Each structure stands twice: as C-alpha cells, then as structure tokens.
Amino acid sequence: MPIQNYIYLCLTLFSIGVMGVLTRRNAIIVFMCVELMLNAVNLLLVAFSKMNYGAAYIMSPSTTAGIDAQVFVFFIMVVAAAEVSIGLAIIVMMYRNTHSIDINFLNRLKN
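In this text, residue positions in the sequence shown follow this note's numbering: the first is 281, and each later residue adds one.
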C-alpha cells in the first residue's frame, strides 16, 4: 500500500480528533478525541518506519533500520495508557464534585 494512503488516513483521523476537541463540551469525548489524535500520529510513525525499513532492506537484507520508530510508538502507547488512567480519575472526581462533566462548568470554578 502506498504511503500516501497512510498519510490521508492519519490526516483524516487527526482532523476528526481536532474537530472533536474544539467542538465538544463533554470531557470524556474530548479525552477520546485526544487519544484519537495520538493514535493517528502513532499510525503515521509506523507507516514511515515501514517505508524506511523497505528502503533499507533493498540496500542490505540484514538491516534493522526502521525499528526505532516502532519502539518509540510502543513507549507512546505506554504513556497514553498511564494518561488514560489519570485522566479518567480526574473526570470521575470532577463528576463527584460538580455532578457534571461539562467543560464549560470548569470555567465557573475559577472564582
């Protein structure tokens, strides 16, 4: 599959995530849209890694080039899992205190 298809898919996923963050008021949906943007970037990293590995494999069949990005994606997924647990804990505490998960309600808590 050509790299352009991966780029278009990642651009679409990232754009959906950005639009969700900018237009939604629900904290859980905004949180899911941020995760969608992270996954779009991860997919693009893996696609470029695959492309780099294919080009390096032609030069030398015993190469390990292109694996670095996949390891980097693994670490991003681990950090994203930790982010999900902390983010959901914050959302649950926000709901317990305010009985709402509306982001605009947080502006009223400043005063």
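Using N, Cα and C, we set each Cβ at its ideal position, and we do this for glycine too.
Note that the coordinates shown come from a computational prediction; the quantities given were computed from them, not determined experimentally.
Would you kindly report the start and end of the unbroken alpha helix (DSSP H) that includes residue i?
i, result
"arginine 376", "348-378"
"isoleucine 283", "283-303"
Nearest by alpha-carbon distance to residue i: which of the options is it?
i, options, result
"isoleucine 308", "Phe355, Asn384 and Gly367", "Gly367"
"glycine 300", "Glu315, Tyr288, Pro282 and Ile371", "Glu315"
"isoleucine 287", "Ala360, Ile383, Leu302 and Lys330", "Lys330"
"leucine 382", "Val364, Leu324, Ile338 and Phe311", "Residue identity differs from the one stated: residue 382 is aspartate in this sequence, not leucine. It is Phe311."
"leucine 289", "Leu302, Val321 and Cys313", "Val321"
"asparagine 384", "Ala361, Thr303 and Glu363", "Thr303"
"leucine 293", "Met339, Leu324 and Asp348", "Leu324"
"leucine 291", "Ile371, Asp348, Arg305 and Asn319", "Asn319"
"isoleucine 347", "Tyr333, Ser295, Leu386 and Arg305", "Tyr333"
Kindly list the residues whose CB is nearer than 8 Å to the CB of residue i, restricted to its own chain and excluding five residues on each side of it in sequence; keep chain order.
i, result
"phenylalanine 298", "The displayed chain sequence assigns valine, not phenylalanine, to residue 298. Correct list, in chain order: Cys313 and Met317."
"alanine 349", "Leu325, Val326, Phe328, Ser329 and Asn332"
Within the same chain, show all residues whose beta-carbon is closer than 7 Å to that of residue i, passing over the 5 residues directly before and after it, in chain order.
i, result
"alanine 327", "Ile283 and Tyr286"
"glutamate 393", "There is simply no residue 393 to check, as the chain begins at 281 and stops at 391 in what is shown."
"alanine 369", "none"
At a cut-off of 8 Å, is residue i close to the ligand ZN when judged by its beta-carbon and the heavy atoms of the ligand?
i, result
"isoleucine 381", "Inclusion of the ligand ZN in the displayed structure is not the case, the ligand content being empty and no account of it being possible."
Give me whichever residues DSSP pairs with residue i in a beta bridge.
i, result
"asparagine 306", "Asp382"
**OP:** Evaluate the contact criterion for the segment 339-356 versus the segment 367-379: three or more CB pairs, one atom per stretch, below 8 Å.
**Re:** no
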